Amino acid sequence: MQKPVIVEKSGSEISTTANGMNMDYVDERCDEIARLEEFSFVVVSSGAVRCGEAYWKNYLGKDDIDALQLVERDGYIDPDQLYATMGSEEVVNAYKSSLSRDKIPASQILATHHEIEDKDEGGRLRNALLGSLALGIVPIANENDAMSIKELKRL
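First residue of the sequence shown? That's 718 in this note's numbering, and the numbers climb one at a time after it.
Written out as structure tokens, the structure is:
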């Protein structure tokens, strides 16, 4: 019998700090996941943009990405897309590191509205989620901010 699934959603304001992931918060959530063995979990965690920005500014010592220099052949590139490319790994690694203390595996699932709305791709996304849950893997899911600017425009 499959365990009931809890979806835990964390916004970037609570899951990150000015220096990247808020590890106190992540550790609390992961301790809760380990304690509640009778459930499966999907973690929906924002923070890629904020982590990427922290990495760019704090660790590389760079100024804000200059949006005026981001014009390519196809038009404007949102600086948040670039921050997301640098920060999404930190989000998933924070959860993987914390969950690994209890030998709980984690994976990353990134999706855009296209994958969710498309019947074929949506089915593959569903299969990835269900397969992960069946194996006791905690999927760390979020919108793929590097590929989708719908959510970034709300930031």
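Each residue gets a CB set at the ideal place from its N, CA and C atoms; glycine is no exception. Keep in mind it's a predicted model, so treat the numbers as computed, not measured.
Self-check item: Member of W773, K720, A771, L777 whose CA lies at the smallest distance from the CA of V759
Solution: For the purposes of this step, residue 759 is taken as residue 42 along the sequence shown, with counting starting at 1. Comparing Cα positions, the closest option is K720.
Practice problem: Going by CA-CA distance only, name the one from A811, R746, G840 that's closest to K726. | Solution: Taking the first residue of the sequence shown as 1, we reach residue 726 at position 9. Among A811, R746, G840, the Cα nearest to that of K726 is on R746.
Exercise. List the whole-angstrom C-beta distance separating A801 from M740, where the pair is believed to meet the contact cut-off of C-beta under 8 angstroms.
Key: Counting from 1 along the sequence shown, the entry for residue 801 is found at position 84. Counting from 1 along the sequence shown, the entry for residue 740 is found at position 23. Going by Cβ atoms, the distance from A801 to M740 rounds to 20 angstroms, so no, they are not a contact pair.
Practice problem: Would you decide whether R790 is buried or exposed? Buried here means 16 or more other CB atoms lie within 10 Å of its CB. | Solution: By 1-based counting over the sequence shown, the position of residue 790 is 73. Any reading at R790 must be qualified, since the residue scores a pLDDT of 46, below 50, and its modelled position is unreliable; the value itself is stated next. By the 16-neighbour rule on beta-carbons within 10 angstroms, R790 is exposed.
Practice problem: Have a look at S762 and E749 and give me their C-alpha separation to the nearest angstrom. | Solution: Position 45 of the sequence shown holds residue 762. Position 32 of the sequence shown holds residue 749. In this structure, the straight-line span from the alpha carbon of S762 to that of E749 is close to 15 angstroms.
Quiz item: Between the region 810-829 and the region 769-779, are three or more C-beta pairs nearer than 8 angstroms?
Solution: The region 810-829, when compared against the region 769-779, does not touch it at the 8 angstroms Cβ threshold.
Quiz item: Looking only at its own chain, which residues have a Cβ that is under 6 angstroms from the Cβ of L850, when we skip the five neighbours before and after it?
Solution: For the purposes of this step, residue 850 is taken as residue 133 along the sequence shown, with counting starting at 1. Beyond the five residues adjoining it in sequence on each side, L850 comes within less than 6 angstroms, by CB distance, of S757 in the same chain, given in chain order.
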